[in-house]
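Encoded as structure tokens, the structure appears first; notes follow it.
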Amino acid sequence: MIKRPFISLAKPRIEYEALDVTLPEPKEIPTPKKVTLLLNEPYEPVGNKNAVLLKKGDSVKTGQKLSLYDGSDAYVISSVTGTISSISSFLGEFGRSYTAIAIDVAEDEEMDEQFKALCVEPTMDIAKDYLSFIPGNPPASLFSNGSTSPSIDTIVICGIDSDLLITANQHALMSDEKAIQMGVRILKQLTGIENIIMAAPEHLMQNAGVSGAQVSVVDAEYPATLPRMIMQNVLGKVVPAGKSCEDMGVCFVSAEAVVSIGTAFDQGHIPLFKKFNLIKKDGNSVMISARIGTPVHEIFSACDVTVNEKDRIIFGGPMTGSSIYSEHHPIQPDTDAVMIQDGKNLALVSDYPCINCGECIRICPAKIPVNMLVRFLEAGQYEQAAEEYDLYSCVECGLCSFVCVSRMPILHYIKLAKYELGRISTAEATNA
Amino acid sequence: MLNQKKFIVSHAPFWHDGSTITARSYNMILAALPAVLFGFISFGMPAVGVVSLSISSAIVWELLFNKISKRTVSIGDGNAAFIGILFGMLLPATSPWWLVITGTFVAVVIGKQIFGGIGGNPFNPVLIGLAILMMSWKDFFDFNEALVNYDLGFAMAYPLASLKHFGVSAISDFNPANLLMGQQSGGIGATFGLGLIIGGIYLMIRGFIRWEISVSFLAGVVITALFFNISDPARYAGPVFHLLTGYTLIGAFFLATEDSSSPVNFIPMLIYGAGAGIMTVLIRNIGAYVDGVVFAILLMNLVNPLLDKIRPKALGKVV
Chain A
1 MIKRPFISLA KPRIEYEALD VTLPEPKEIP TPKKVTLLLN EPYEPVGNKN AVLLKKGDSV
61 KTGQKLSLYD GSDAYVISSV TGTISSISSF LGEFGRSYTA IAIDVAEDEE MDEQFKALCV
121 EPTMDIAKDY LSFIPGNPPA SLFSNGSTSP SIDTIVICGI DSDLLITANQ HALMSDEKAI
181 QMGVRILKQL TGIENIIMAA PEHLMQNAGV SGAQVSVVDA EYPATLPRMI MQNVLGKVVP
241 AGKSCEDMGV CFVSAEAVVS IGTAFDQGHI PLFKKFNLIK KDGNSVMISA RIGTPVHEIF
301 SACDVTVNEK DRIIFGGPMT GSSIYSEHHP IQPDTDAVMI QDGKNLALVS DYPCINCGEC
361 IRICPAKIPV NMLVRFLEAG QYEQAAEEYD LYSCVECGLC SFVCVSRMPI LHYIKLAKYE
421 LGRISTAEAT NA
Chain B
1 MLNQKKFIVS HAPFWHDGST ITARSYNMIL AALPAVLFGF ISFGMPAVGV VSLSISSAIV
61 WELLFNKISK RTVSIGDGNA AFIGILFGML LPATSPWWLV ITGTFVAVVI GKQIFGGIGG
121 NPFNPVLIGL AILMMSWKDF FDFNEALVNY DLGFAMAYPL ASLKHFGVSA ISDFNPANLL
181 MGQQSGGIGA TFGLGLIIGG IYLMIRGFIR WEISVSFLAG VVITALFFNI SDPARYAGPV
241 FHLLTGYTLI GAFFLATEDS SSPVNFIPML IYGAGAGIMT VLIRNIGAYV DGVVFAILLM
301 NLVNPLLDKI RPKALGKVV
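Listed in order, the protein sequences are those of chains A and B. The numbering used here puts the first sequence at residues 1 to 432. The numbering used here puts the second sequence at residues 1 to 319.
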């Protein structure tokens, strides 16, 4: 954990982890007995007008596309061969519901050949139908075909990870030059977008240069690699509060997703191994490669990490990740890091009020009056917070909570406010 | 699945830089210590008694209010102790016990707790306490009268009172080096200029106070005093005298910088500090009071919410 410096006249500089020239070889986790895949669709088997395609006992092959309902766009790619042992509902952050498909792994692996036959001639539909659930998790707007608004005219490939301590994207950029080149070429071919920009830190300029995309340097100081900060500093476009980067015609893709796309069309099978950092209790980080869907306890036991009661397990980095409540939680396509913190020295929040010390104002990259904002958010006055105190300018970097002397959960308040306001506007739209 | 381990689940970020309100308060108390210890040496046991009583009674008032209002006990954050020590530093060493206890009551309960505790007070609690006492029992704050029985080997006239009543000719005895080293009468912790400056610099370097406020406060005092001095050197004292006497230094480093009642944006901090500095000299030179720091800072506390509306445009804000 980064401590407050003794001398702190100015705001502290927090830098991203830079990957060495000697590339760490990822440690491969053996195929587990059971994997769980989270399908981004609620599980409502009763009363759904579409036929349910999957049931318990179905056998699946490695690389097979699994859709729950007939005619649905949402799918997962099975990362193993085996039989479906259960299908259940899974509740994620902020009430998002998923369907958890658990698969018992069979001994012999059998590859699904459906994609191989199609991939000879890459088209947008193939990418959309098979490559949404690949390591790196490409956003849906990337394969949107231009038919849905808003239309994308720029693709930014992130060659550096958005959170501290994570090196998954840097690793992807450094380890597989050929796949990146292939991926960029395919992206250009599929989307017809020529304006593909690779945002990479200074020390990776060479690797970024050969990718075939335009290269831009991003600062290695947190939070310069968050999408909205890249928009401002690299592209020179400021995203208006309340708008998304997609609204501005810019789509952000991780370098790992580009590698996955490249590999998929190059080798004819959908990549199934997710590379991520395991950040241990002492802060050391190990590069891991595991099948998507591997329960996280398999990774801990493979790396000799003891997990105790009241520890904290985090998917993602220390600033923007999310903590999970079960060690059976599976690795997902967008899991860039798994972090475990010892229960004895956790930084917990308190219920103290804001003392107006101004640390958050000094560090906020979006220049939000956090001291005022948080007072309104505490009182639940979300609308006023959004109108007068720039709630929607927040880039959700978490630095305000990081430096807060009162240890208020400021980022939590902000996300809750955005969620609640989102619910209100959805309700208003449906009732109108 | 039944014997699952239970984990702590919370929201991002999962790191914290380790700062706490307690550490902040205790560092401020630490920074105040040089001046307080010098006051103890100069004024002896009565000063020790006043400061000790001030700290302990401030803590007790806060505890009592916590209990009565059925809120969590907040004396552990050190803020009450800090209010106590500051309040003691401003008092003359001969203050009677009831004055100290009344003052800390006003400071802690009326100045801070009734607004919801730490972070909610619109005015500096210490100054609220002091201002109300100054209005109510004026005589106890006349340093010439209060310290009449002290003879510390230098002129025991309160410099600002001499200036007010007898003009510039009366203060020719005070030389800046002696004033800086604490050879003047005044509040227990307000006389030792060097100690206050050391404490203030420590706090600024550590980032516990906002340096913009202190620096602009001092600049406001110096520039305004300089203008007065230039316009009529026979009536108005020079900037160095104003800087080293009265509550100027303790005001710049410890009073004006109180978190909740001061602005946090850069330009407002400068206006706030400079405004308080200018008001201080205005009150001293053409106002009714001997020292203007208390009312100058309270006045700027009043405009603080307005000042803090001057702020940078947030990222992507559509006007």
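Idealized CB from N, CA, C, for every residue including glycine. Since we're looking at a predicted model, the values are computed, not measured.
Beta-carbon separation (whole angstroms), residue i vs residue j, contact threshold 8 Å
i        : j        : result
Asp163/A : Gly317/A : 3 Å
Phe174/B : Gly182/B : Not really, about 12 Å apart at Cβ, beyond 8 Å.
Val148/B : Gly129/B : The pair is not a contact, with the Cβ atoms about 24 Å apart (cut-off 8 Å).
Lys281/A : Lys6/B   : No, Lys281/A and Lys6/B are not in contact; Cβ-Cβ is about 17 Å, not under 8 Å.
Ile180/A : Ser211/A : 5 Å
Gln64/A  : Ser85/A  : The Cβ separation is near 16 Å, so there is no contact.
Ser42/B  : Leu152/B : 6 Å
Asp390/A : Ile363/A : At roughly 15 Å, the Cβ-Cβ gap does not stay under 8 Å, so Asp390/A and Ile363/A are not in contact.
Val338/A : Leu278/A : 5 Å
Val294/B : Ala225/B : Incorrect: roughly 17 Å between the Cβ atoms, too far for contact.
Arg17/B  : Val403/A : Per the sequence presented here, residue 17/B reads as Asp, with Arg not at that position. Confirmed, Cβ separation roughly 5 Å.
Met1/A   : Ala347/A : 7 Å
Ser216/A : Lys27/A  : At roughly 32 Å, the Cβ-Cβ gap does not stay under 8 Å, so Ser216/A and Lys27/A are not in contact.
Residue i in three-state terms, based on DSSP
i        : result
Glu62/B  : helix
Asn233/A : helix
Tyr158/B : coil
Phe14/B  : coil
Glu28/A  : strand
Pro227/A : helix
Asp308/B : coil
Glu145/B : helix
Gln341/A : strand
Gly82/A  : strand
Thr99/A  : strand
Pro330/A : strand
Val250/A : strand
Ile155/A : strand
Asp139/B : helix
Val51/B  : helix
Pro122/B : coil
Asp77/B  : helix
8 Å Cβ cutoff met for residue i and residue j
i        : j        : result
Ala220/B : Gly277/B : The sequence shown places Gly at residue 220/B, rather than the Ala named in the question. Yes.
Ser72/A  : Glu41/A  : yes
Asn207/A : Met174/A : yes
Ala213/A : Ile230/A : no
Cys357/A : Asp259/B : yes
Ile21/B  : Ser323/A : no
Ala255/A : Ala140/A : no
Phe82/B  : Gln113/B : no
Ser69/B  : Thr104/B : no
Leu127/B : Leu255/B : yes
Asp112/A : Lys61/A  : yes
Residues near residue i in its chain [Cβ-Cβ closer than 8 Å; skip 5 each side]
i        : result
Pro122/A : Ile186, Gln189, Leu190 and Phe265
Ala161/B : Asp142, Phe143, Asn144 and Val290
Val105/A : Thr31, Pro32, Lys33, Lys34, Val35, Val80, Thr81 and Gly82
Ser261/B : Asn121, Pro122, Phe123, Asn124, Asn301 and Asn304
Neighbouring residues, chain A, relative to residue i (Cβ below 8 Å)
i        : result
Thr20/B  : Val405 and Arg407
His165/B : In chain order: nothing, as chain A lies at least about 39 Å away.
Ile85/B  : The contacting residues do not exist; Ile85/B stays about 18 Å from chain A at best.
Closer than 9 Å at the beta carbon, the chain B residues around residue i
i        : result
His412/A : Ser10, His11 and Ala12
Ala241/A : Ala314, Leu315, Gly316, Lys317 and Val318
Cut-off 6 Å between Cβ atoms - residues of its own chain near residue i, not counting five sequence neighbours on either side
i        : result
Gly293/A : Val35, Thr36, Leu37, Ser79 and Pro330
Ile414/A : Cys394
Leu249/B : Gly193 and Leu196
Contacts that residue i makes with chain B (C-beta to C-beta distance below 7 Å)
i        : result
Leu346/A : Ile8
Interface partners of residue i on chain A, CB under 9 Å
i        : result
Leu255/B : Under the 9 Å cutoff, chain A gives no residues; its nearest Cβ is about 15 Å from Leu255/B.
Interface partners of residue i on chain B, CB under 8 Å
i        : result
Glu327/A : Gln4, Lys5 and Phe7
Val395/A : Leu315
Lys310/A : Lys6, Phe7 and Ile8
Same chain, Cβ closer than 7 Å to residue i, neighbours up to 5 away in sequence not counted
i        : result
Ile126/A : Leu118 and Cys119
Phe376/A : Gln384, Ala385 and Tyr389
Ile109/B : Checking the sequence, you will find Val at residue 109/B rather than Ile. Taken in chain order, the residues that qualify are Trp61 and Phe65.
His203/A : Ala18
Under 7 Å by beta carbon: chain A residues contacting residue i
i        : result
Pro312/B : Lys367
Ile205/B : Ile7 and Leu9
Asn265/B : Ile361
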